[in-house]
Amino acid sequence: MTTFRWLWLAEAAAEHYGARSTLRRHIAEGRLATAQKIGRSWRVRKYDLDSLIVERAAEPSCEDVEAAVARIVASAPPLTDAQIRTLSAAFVDQLKQRQTVGAK
């Protein structure tokens with residue numbers, strides 16, 4: 002008979018499996034189907050938490066990355082003129098470095 006190590010959500014969060022709110026969302030979505038509610042608290046099997054890490058290890062697609070960037074851009078405040086100048090200077094510096102490396 003296999004015994005599983007159980008963790009309270011606070012313990013799972015402390016072991017970097019995600020924030021308690023994220024873990025609760027996983028429970029609600031059925032990703033941690035064996036989770037047990039005891040009183041007002043949840044406990045989950047470490048084995049199931051480990052399987053979540055394997056799920057997240059997949060490489061994101063280009064569409065996933067583009068969608069994430071679009072969400073960030075949509076929620077970001079507009080850049081100030083000073084920020085735009087700083088970013089422009091950084092891009093120009095990087096471009097010059099790449100051209101120097103490519104010329105060798």
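Going by my numbering, 90 is the number at position 89 of the sequence shown; the sequence numbering is gapless. Yeah, the Cβ is synthetic: ideal placement off N, Cα and C, and Gly gets one too. On a predicted model such as this, the values are computed, not experimentally measured, just so you know.
- Given a length threshold of 4 residues, each whole run of the alpha helix (DSSP H) inside the stretch 10–89 is given here in chain order: 10–15, 21–29, 47–57 and 63–76.
- Segment contact: the stretch 11–24 against the stretch 42–50, three or more CB-CB distances shorter than 8 Å; contact assigned.
- Our two residues, residue 29 and residue 51, have alpha carbons roughly 18 Å apart in a direct line.
- When rounded, the separation of the alpha-carbon atoms in residue 70 and residue 63 is 11 Å.
- Per the DSSP secondary-structure output, residue 8 pairs in a beta bridge with 45.
- Nearest neighbour of residue 13 by Cα position, chosen from 54, 88 and 4, turns out to be 54.
- The C-beta separation of residue 47 from residue 8 comes to about 6 Å, placing the pair in contact by the 8 Å criterion.
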